[in-house]
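> Here it is: the structure, laid out below.
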Amino acid sequence: MEYTVNQLAALSGVTKRTLRYYDQQGLLPPKRISSAGYRIYGPAQVDRLQQILFLKQFGLKLEEIKEIVTKPDFDITPLLERQRLVLTQQMTQIKGQLQHLEQTLAYYKGVENMSDTEKFEAFKAAKIAQNEEQYGTEIRQRYGDEAVDRSNEKWQHLTKEQYETMQAAETRLFVNLEALLKQGTPLDLDSAQAKEAFLAHREWLTTTAPFYNEAYHRTLGEMYVADERFAAYYNDRTSQPSANLLKEIIFHYTKADEE
Numbered sequence: 001m002e003y004t005v006n007q008l009a010a011l012s013g014v015t016k017r018t019l020r021y022y023d024q025q026g027l028l029p030p031k032r033i034s035s036a037g038y039r040i041y042g043p044a045q046v047d048r049l050q051q052i053l054f055l056k057q058f059g060l061k062l063e064e065i066k067e068i069v070t071k072p073d074f075d076i077t078p079l080l081e082r083q084r085l086v087l088t089q090q091m092t093q094i095k096g097q098l099q100h101l102e103q104t105l106a107y108y109k110g111v112e113n114m115s116d117t118e119k120f121e122a123f124k125a126a127k128i129a130q131n132e133e134q135y136g137t138e139i140r141q142r143y144g145d146e147a148v149d150r151s152n153e154k155w156q157h158l159t160k161e162q163y164e165t166m167q168a169a170e171t172r173l174f175v176n177l178e179a180l181l182k183q184g185t186p187l188d189l190d191s192a193q194a195k196e197a198f199l200a201h202r203e204w205l206t207t208t209a210p211f212y213n214e215a216y217h218r219t220l221g222e223m224y225v226a227d228e229r230f231a232a233y234y235n236d237r238t239s240q241p242s243a244n245l246l247k248e249i250i251f252h253y254t255k256a257d258e259e
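Numbered according to the UniProt record's numbering, the sequence shown spans residues 1 to 259.
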């Protein structure tokens, strides 16, 4: 079936102006121009428009979308499958939050009991989902699904004591990073503060990473400075950027080649 600009706009909900703009940008050229000078769109263009709208929904910019959809071997299937996984995870997270909320309401109304572990399960699940959304692709590519799934499983089943230990280790890490930053340069990586920062970071990691080794620790250090999302986690928690300092500390206290 073929459509004019007016018809395709009515079908898709996209304005006529937007359709013309997509044509001008080489993003969605029509199938042909009629004898009367009207843009005519066919099945392939309808599919392309749907793909554009999906990719916009995924948060991509038009320049990025154009680069993707105009490739000769473009296949949207992997992108749709990835987004389906993300949405499924979000649905699971929301269902878990609702269940936790209902359980908490019942607890505060005196209807049912709630263990200390149960009080924090939903928050841990939300943290896992957030980490997957922000860093999941990179981490899984580097360490594999099995290792990451094991880490998530361990995080989900942290006891109250383990969670508090992890939080305390992170607090010690940032306290010592802050102290080192205030010392200025040159930094003494053999100082008590640097060593304590390393030990705190290692303790924080090993709580949920049963596969921990020094090579893993060094790889994380590299990622902290190579990826702005990882860097921001540390830089935003100290008065001065600290991701690069943490990497230097990690490399100072670990070996390049672990036996």
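All C-beta atoms, glycine included, are put in the ideal place defined by N, C-alpha and C.
Because the structure is a prediction, the values reported are computed rather than measured.
Residues in the same chain with beta-carbon distance under 8 Å from L245, minus the five sequence neighbours each way, listed in chain order, please.
Here residue 245 refers to the residue found at position 245 when the sequence shown is read from its first residue. L177, L180, L181, L187, listed in sequence order.
> Apart from the five residues just before and just after E248, which ones in its own chain have a Cβ nearer than 7 Å to its Cβ?
Here residue 248 refers to the residue found at position 248 of the sequence shown. Around E248: L189.
> Identify every residue that forms a DSSP beta bridge with T4.
On the sequence shown, residue 4 is found 4 positions in, with the first residue counted as 1. Its beta-bridge partners are I40.
> For I33, does the count of other Cβ atoms within 10 angstroms reach 16, so buried, or fall short, so exposed?
As a working mapping, residue 33 is identified with position 33 in the sequence shown. I33 comes out exposed.
> Would you list, in sequence order, the uninterrupted alpha helix (DSSP H) runs of no fewer than 4 residues that lie entirely inside the region 162-250?
Counting whole runs of 4 or more residues, the region 162-250 contains the alpha helix (DSSP H) stretches 192-206, 214-226, 228-235.
> Run through DSSP, which three-state label would I76 get?
Reading the sequence shown from its first residue, position 76 is the one you call residue 76. The answer is coil: DSSP assigns I76 none of H, G, I, E or B.
> How many angstroms separate the CA atom of S242 from the CA atom of W204?
Counted from its first residue, the sequence shown places residue 242 at position 242. Counted from its first residue, the sequence shown places residue 204 at position 204. Taking the straight line from one Cα to the other gives about 17 Å.
> Where does G221 land, buried or exposed, given buried means 16+ other C-beta within 10 angstroms?
Locating residue 221 in the sequence shown gives position 221, counting from the first residue. G221 comes out buried.
> Tell me which residues share the same chain as T15 and place their Cβ nearer than 7 Å to its Cβ, disregarding the 5 neighbours each side in the sequence.
If you number the sequence shown from 1, residue 15 lands on position 15. These residues qualify, in order along the chain: A9.
> What residue range does the alpha helix (DSSP H) around K109 cover?
Walking along the sequence shown from the start, residue 109 turns up at place 109. Where K109 is concerned, there is no enclosing alpha helix (DSSP H), given that its DSSP letter is neither H nor E.
> Return the CA-CA distance between R20 and T77, expressed in angstroms with no decimal places.
The count along the sequence shown starts at 1 and reaches residue 20 at position 20. The count along the sequence shown starts at 1 and reaches residue 77 at position 77. Distance between the alpha carbons of R20 and T77: 26 Å.
> What's the gap between the Cα of P210 and the Cα of L98?
Taking the sequence shown and counting its residues from 1, one reaches residue 210 at position 210. Taking the sequence shown and counting its residues from 1, one reaches residue 98 at position 98. Distance between the alpha carbons of P210 and L98 is about 30 Å.
> From T254 to D23, what does the alpha carbon distance come to, in whole angstroms?
Stepping through the sequence shown from its first residue, residue 254 is reached at position 254. Stepping through the sequence shown from its first residue, residue 23 is reached at position 23. Rounded to whole angstroms, T254 to D23 spans 55 Å at the Cα level.
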